[in-house]
Amino acid sequence: MKKEKIAGIIKEQKQIATGIFDLWVTAPTIAGGAKPGQFVSLYTEDASKLLPRPISICEVDKEDGSLRLVYRVTGANTGTEQFSRLQKGDTLQLMGPLGNGFMSELPGTALLIGGGIGIPPMVELAKNRMDKNLIVSGYRDETFLQEDLEKYGECFVATEDGSVGTKGTVIDAIKAEGLKADIIYACGPTPMLLAIKEYAASAGITQCYLSLEEKMACGVGACLACVCGSKEKDEHSQVHNKRVCKEGPVFSAWEVEL
Amino acid sequence: MKKEKIAGIIKEQKQIATGIFDLWVTAPTIAGGAKPGQFVSLYTEDASKLLPRPISICEVDKEDGSLRLVYRVTGANTGTEQFSRLQKGDTLQLMGPLGNGFMSELPGTALLIGGGIGIPPMVELAKNRMDKNLIVSGYRDETFLQEDLEKYGECFVATEDGSVGTKGTVIDAIKAEGLKADIIYACGPTPMLLAIKEYAASAGITQCYLSLEEKMACGVGACLACVCGSKEKDEHSQVHNKRVCKEGPVFSAWEVEL
Amino acid sequence: MRSLAVKIAGVELKNPVMTASGTFGSGEEYSEFVDLNKLGAVVTKGVANVPWEGNPTPRIAETYGGMMNAIGLQNPGIDVFIKRDLPFLQQFDTKIIVNVCGRTTEDYLEVVERLGDEQVDLLEINVSCPNVKHGGIAFGQDPACLSEITAKIKKVAKQPIIMKLSPNVTDITEMAKAAEAAGADALSLINTLTGMKIDIHRKSFALANKTGGVSGPAIKPIAVRMVYQVAQATRLPIIGMGGIATPEDGIEFMLAGATGISVGTANFYNPQTTEEVINGLASYLEQYGHESIEEIIGAVK
Amino acid sequence: MRSLAVKIAGVELKNPVMTASGTFGSGEEYSEFVDLNKLGAVVTKGVANVPWEGNPTPRIAETYGGMMNAIGLQNPGIDVFIKRDLPFLQQFDTKIIVNVCGRTTEDYLEVVERLGDEQVDLLEINVSCPNVKHGGIAFGQDPACLSEITAKIKKVAKQPIIMKLSPNVTDITEMAKAAEAAGADALSLINTLTGMKIDIHRKSFALANKTGGVSGPAIKPIAVRMVYQVAQATRLPIIGMGGIATPEDGIEFMLAGATGISVGTANFYNPQTTEEVINGLASYLEQYGHESIEEIIGAVK
Ligand SMILES: Cc1cc2nc3c(=O)[nH]c(=O)nc-3n(C[C@H](O)[C@H](O)[C@H](O)COP(=O)(O)OP(=O)(O)OC[C@H]3O[C@@H](n4cnc5c(N)ncnc54)[C@H](O)[C@@H]3O)c2cc1C
Ligand SMILES: Cc1cc2nc3c(=O)[nH]c(=O)nc-3n(C[C@H](O)[C@H](O)[C@H](O)COP(=O)(O)OP(=O)(O)OC[C@H]3O[C@@H](n4cnc5c(N)ncnc54)[C@H](O)[C@@H]3O)c2cc1C
Ligand SMILES: Cc1cc2nc3c(=O)[nH]c(=O)nc-3n(C[C@H](O)[C@H](O)[C@H](O)COP(=O)(O)O)c2cc1C
Ligand SMILES: Cc1cc2nc3c(=O)[nH]c(=O)nc-3n(C[C@H](O)[C@H](O)[C@H](O)COP(=O)(O)O)c2cc1C
Ligand code: FES
Ligand code: FES
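Protein chains in written order, with the numbering used here: chain A, 1 to 258; chain B, 1 to 258; chain C, 1 to 301; chain D, 1 to 301.
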């Protein structure tokens, strides 16, 4: 699918949890080709902030030509804070769809594991899958997107403080609930991904796909900012580096070093 | 009067001629102390543009606590272009009142001479004077602010193309109309000010006050960016330089070198 | 039609606009956004004799009006470059400038020799990357080293060579004159300015490499100054860069004395920048009645 | 109450925040906006032995995320400075740092000697102004010259001396070490980076002086890098500056190794910056449980 940089139009935006915003933006050319697990680069209107903010595609409405993005405001005076002030009708520069995305068509029961702000891409992934979804979400405390996820699979929650679901990590929840699957799809903080990789190895789940994060400048594979270590020599780079924005953000757990 | 930097609120803005905007901004602390010929520094919301845009005070409504600013958009992607998009209710960072202003109380018949975007300060000056005002405005072609000026004096116009009033310069208009005065107040491009200085000398008008322009950084006399050459050694600087933002923008024609 | 064509070291470019090395990959990545046929030249990411891993991540950070990078010249090596990247670029009607990097003089010479028989128009020698710990930076910050490596490369190069200078020096004209005297055919400037960013909450460096090269609009005034100084000090054609994001920026560099202009960081946030600059150059010639873009090179007074 | 006090060359400042020379006049101009009693120190505009006219106008231009100036060190001379400006500053409960400039070594020595008997806490010696054609810049770009002038000034100075370094050098640590070896008590960095801007419509220089010094947020990463490098290379206390506009910026400089921090260009567009930085430092100590600001000096890892 051709990538484009366009001015999207905000359809609606609301806060769905403390510091978590839920934005629908009309961007037909991007929505048309978007796959679960892909992302878009968002650009601020602030002339002092030039780099893109990569945000995963949470949901796509192809008919309407719009995208749903769910993101966290990371602090004061950040780009995400600026996005959070956008209102219906405002424009938002964005580029996409970027990255490879999840292979949603794999047959078998899948564990869809999201941690914190890694949860949003699981919505579109769950929606696109034909087979059984077991959706495990890890939060610090406050939950979000559970209603959306429940439409597409059986949902399990872990919270650090135990306020909802299993107290502990997503792995704790998987073990507590005795969940079994053929496939793992995961997105979240690196420590969580590391734990999942270990768990998959021990549980013998060979189809384990992780969505990674790295700082980006171009988002299209040109600048080599966003690499992760790869186990084998990467074909493009000829070294043990893969580009998260281009070969990723989704990698087989076995091909990358976290 | 104490200078302040505040967030003013736009009351209204309209375009009054090609590229010329007429803005009323609520800024009570500034309006309270403002005198004719003083100016304010306007700040953009564009993080790439940090310096002030000095704009003369065109009119003051002390009761309402608001200021009128009339300015020209100097080009694409400029600060003034950004100001021209401000709408009722928007905020505008501004600092003032700055500079010395015109001595409006001088008795006698006065020639108030404005050239192009030097015309706006003549409105508040004419309004504040008790004695007779002969107001001469020079335009390239299209006129503006004439209705406002007519309230406070006898008005004469010069246009470069002769489309309105005398064809030629403000000096041509003064001569054509045979205007005589005891005092001159002028604001406009340097060539015009030079011509006025010469005219005042030849006509024996010793009370001749010119409002100068220079690039500014601080607007309060701290950075020494905005100097003009002075005939005598300036007391503050101890050299032949005066600060336009502090000792000016209004100077006696005889104390400065243009 | 007013002419946008310029000549750099005997090579005619249809217009002065090119891509800054390292910001446009091998050309392929941005070919979805830009018609490469429209560009004066594509300058490739730096290539070495063997593949380089580059630096650990984070490799970039945002700075006020710019960015900082410490990619560390990751590259697939000259073999794959010749087999894969060059043939891709050769499909287009644009000039190809290959950016060459190395850790030692021998590294550079090997790459330059390997490129000798390839369809490549110009070689840009990066002696100024601030992110490589061994070699690299030293060449570009000492006139004697610069002179030596320039002469050695010139001896083996089949294409004209452009020496790319580091701005992290006391006197850029001294470096430019050293390169000129040693036989350089053209100069590129500026590479990035060495900077640092600290994450105050983690009390750690924003880049794994601690320091990185600052690029983008923030550095433009420094770049324009250096281009002007070098234009006054040498007779070599200059490829100017550093913060070009609009046609006006590009024109500023040409008035300062640049014959070619490269767009770097701006590609990242506006992939259309190169095309916009080309169009803007044409309008400027129109507006001020210049017959050819060459009339504005160094025309500041 | 957590302590914001810092010590520079034996002088205790109630907090590390000061004004950068030349951006705050003699203190009087901004006293309507800032309570000078709150500042760690006021650093004055550079003062010479005799009044200086400075450069022709335009003296400043806006650049992306910053500005460029070529004021040319206009100043009323030491006589008027001592008679008028010093007594004004002495009314306040803040330290006074006088910035000294000159065209020749003798000029500097004369000013330093004249200030010997005045109530001045520290002297900041500007050997780095890029806008003065004779002398000035040379001192700050050559380690031998810097060393010589530092030693000579140190001999006659009654107050501790802070050498203010130019960033327009290949290796800032070499300059810092030269100043340290010659007896400097502290270092200030950075002064402005030399830049240029061209008005493309007039085809002329934006500044009458052609070049000017770039300051403001745009140059911050370069300044932070130099402060860090110098902190690693010398034992002298450092006053860091270059683009400080927020508390976060100031903290970044302190983590990099600065003991004091100066606000320059930001005063022009936000006269409250110094006070905001002071308040922000206090909150940061609170947030991360530091008892004293000294704990964060050079604390980056
Ligand atoms: C492929 C991908 C998908 C992502 N999807 C989401 C999502 O759906 N929802 C969400 O809330 N967050 C997501 N993130 C993280 C998100 O990109 C950062 O939180 C965001 O860029 C921070 O920007 P800021 O303006 O808040 O912070 P600032 O501090 O202003 O950012 C400064 C710079 O650092 C970059 N940066 C800062 N944190 C990160 C990070 N964690 N990852 C990459 N770049 C970073 C910014 O993009 C920017 O260039 C994703 C990251 C990646 C790489
Ligand atoms: C005391 C004074 C009063 C003024 N009053 C008015 C007025 O009432 N109406 C009006 O239209 N204009 C007035 N001007 C001119 C006005 O300041 C400039 O047109 C304006 O600053 C241009 O800003 P910009 O964003 O359009 O241009 P940009 O090109 O974006 O400006 C870049 C920088 O240059 C400065 N600059 C550019 N042109 C001038 C100039 N002519 N004088 C001073 N600084 C300049 C800007 O302030 C800014 O810092 C006045 C100038 C001064 C000094
Ligand atoms: C991410 C990145 C990678 C770069 N890689 C190289 C490189 O491989 N070789 C080189 O000579 N310059 C490299 N540069 C420097 C640019 O070519 C250019 O000189 C510099 O960025 C200034 O231009 P700009 O401000 O338009 O980006 C790189 C710059 C960036 C931002
Ligand atoms: C208008 C202006 C005038 C300056 N004058 C002086 C000066 O007289 N002496 C000096 O040492 N530095 C002078 N400087 C440099 C500043 O003190 C400071 O080192 C530099 O601007 C970087 O800080 P900033 O980015 O916060 O402005 C001047 C800077 C500006 C912008
Ligand atoms: S962000 Fe540029 S290669 Fe991935
Ligand atoms: S603008 Fe700073 S002294 Fe006038």
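All residues carry an ideal CB built from backbone N, CA and C; glycine is no exception.
Exercise. Report the neighbours of M163(C) on chain D: residues whose CB is nearer than 7 Å to its CB, in chain order.
Key: Within 7 Å Cβ-Cβ: nothing; M163(C) doesn't reach chain D, min ~17 Å.
Exercise. List the DSSP bridge partners of L255(D).
Key: Bridge partners of L255(D): none, in fact.
Quiz item: Going by DSSP, which residues form a beta bridge with R72(A)?
Solution: I20(A)
Self-check item: Supposed contact pair I161(C) and A178(C) - C-beta distance, whole angstroms, cut 8 Å
Solution: Not a contact, Cβ separation roughly 14 Å.
Self-check item: chain B contact for E203(A) (CB, 8 Å cutoff)
Solution: Correcting the residue type first, residue 203(A) is Ala in the shown sequence and not Glu. No - not a single Cβ of chain B is within 8 Å of the one on A203(A).
Quiz item: Alpha carbon to alpha carbon, how far is E32(D) from I200(C)?
Solution: 32 Å
Quiz item: Hey, is E214(B) close to ligand 2, as in C-beta under 7 Å from one of its heavy atoms?
Solution: yes
Practice problem: Give a single yes or no on whether S21(C) has its beta carbon closer than 7 Å to a heavy atom of ligand 3. | Solution: yes
Practice problem: May I ask whether a heavy atom of ligand 3 can be found less than 7 Å away from the beta carbon of V263(C)? | Solution: yes
Exercise. Pull up the CB-CB distance for V40(A) and L23(A), whole angstroms please, since I reckon it's below 8 Å.
Key: The pair is not a contact, with the Cβ atoms about 11 Å apart (cut-off 8 Å).
Practice problem: Using DSSP bridges, identify the partner residues of V111(C). | Solution: DSSP lists no partner for V111(C).
Practice problem: Spell out the partners DSSP gives M95(B) in its beta bridges. | Solution: K5(B), S41(B)
Quiz item: When the cut-off is 8 Å and only beta carbons count, does D46(B) lie next to chain A?
Solution: yes
Quiz item: Does any heavy atom of ligand 5 sit closer than 7 Å to the C-beta of G219(A)?
Solution: yes
Practice problem: Please name the residues in the region 179 to 213 of chain A whose beta-carbon is closer than 8 Å to at least one beta-carbon of chain C, in chain order. | Solution: none
Quiz item: Taking E106(C) as the reference, which of P217(C), P167(C), I60(C), N49(C) has the closest Cα?
Solution: N49(C)
Exercise. Identify which residue in S147(C), Y284(C), S128(C) has its Cα closest to the Cα of L165(C).
Key: S128(C)
Quiz item: If you count every other CB in all the chains shown that lies within 10 Å of the CB of G118(A), and 16 or more means buried, which is it?
Solution: buried
Self-check item: Inter-residue Cα distance where the pair is R53(A) and D46(A)
Solution: 13 Å
Practice problem: Could you tell me whether any Cβ in chain D is nearer than 8 Å to the Cβ of G195(C)? | Solution: yes
Quiz item: Going by the CB atoms, is the gap between Y139(A) and G116(A) shorter than 8 Å?
Solution: yes
Practice problem: Specify, as a first and last residue, the run of the alpha helix (DSSP H) that M175(C) falls within. | Solution: 172 to 181
Quiz item: Near Y30(D), which residues of its chain fall below 7 Å by C-beta distance, leaving aside the five closest residues on each side in sequence?
Solution: F24, N267, P271
Practice problem: Output yes if chain C places a C-beta closer than 8 Å to the C-beta of P143(D); else output no. | Solution: no
Practice problem: Report the three-state DSSP secondary structure of Y30(D) (helix, strand or coil). | Solution: coil
Practice problem: Would you mind listing the beta strand (DSSP E) stretches within the region 211 to 240 of chain C that are 3+ residues and don't spill past its ends, in chain order? | Solution: 211 to 215, 238 to 240
Quiz prompt | Contact with chain G by K49(B), beta-carbon distance below 8 Å | solution = Absence of chain G from the displayed structure is noted, the protein chains being A, B, C and D.
Quiz item: In whole angstroms, what is the alpha-carbon distance linking G135(C) and C101(C)?
Solution: Caution applies to G135(C), whose pLDDT of 49 falls short of 50 and renders its modelled position unreliable; the value that the coordinates give is listed next. So the two alpha carbons sit approximately 10 Å from each other.
Self-check item: Residue from G114(A), E124(A), V164(A) whose Cα sits closest to the Cα of T190(A)
Solution: G114(A)
Self-check item: 9 Å Cβ cut-off: residues of chain D touching P52(B)
Solution: F268, Y269
Quiz prompt | Check: I60(D) C-beta below 7 Å from any heavy atom of ligand 3 | solution = no
Self-check item: Extent of the continuous alpha helix (DSSP H) run through P28(A)
Solution: 28 to 33
Exercise. Report yes if the C-beta of V244(B) is less than 7 Å from at least one heavy atom of ligand 6; otherwise report no.
Key: yes
Quiz item: So is L194(A) buried or exposed if we call it buried at 16+ other beta carbons inside 10 Å?
Solution: exposed
Quiz item: Who are the near neighbours of G298(C) in its chain, counting only those whose CB is closer than 6 Å to its CB and skipping five residues on each side?
Solution: A231, G257
Quiz item: Is the CB-CB distance between V256(A) and L212(A) below 8 Å?
Solution: yes
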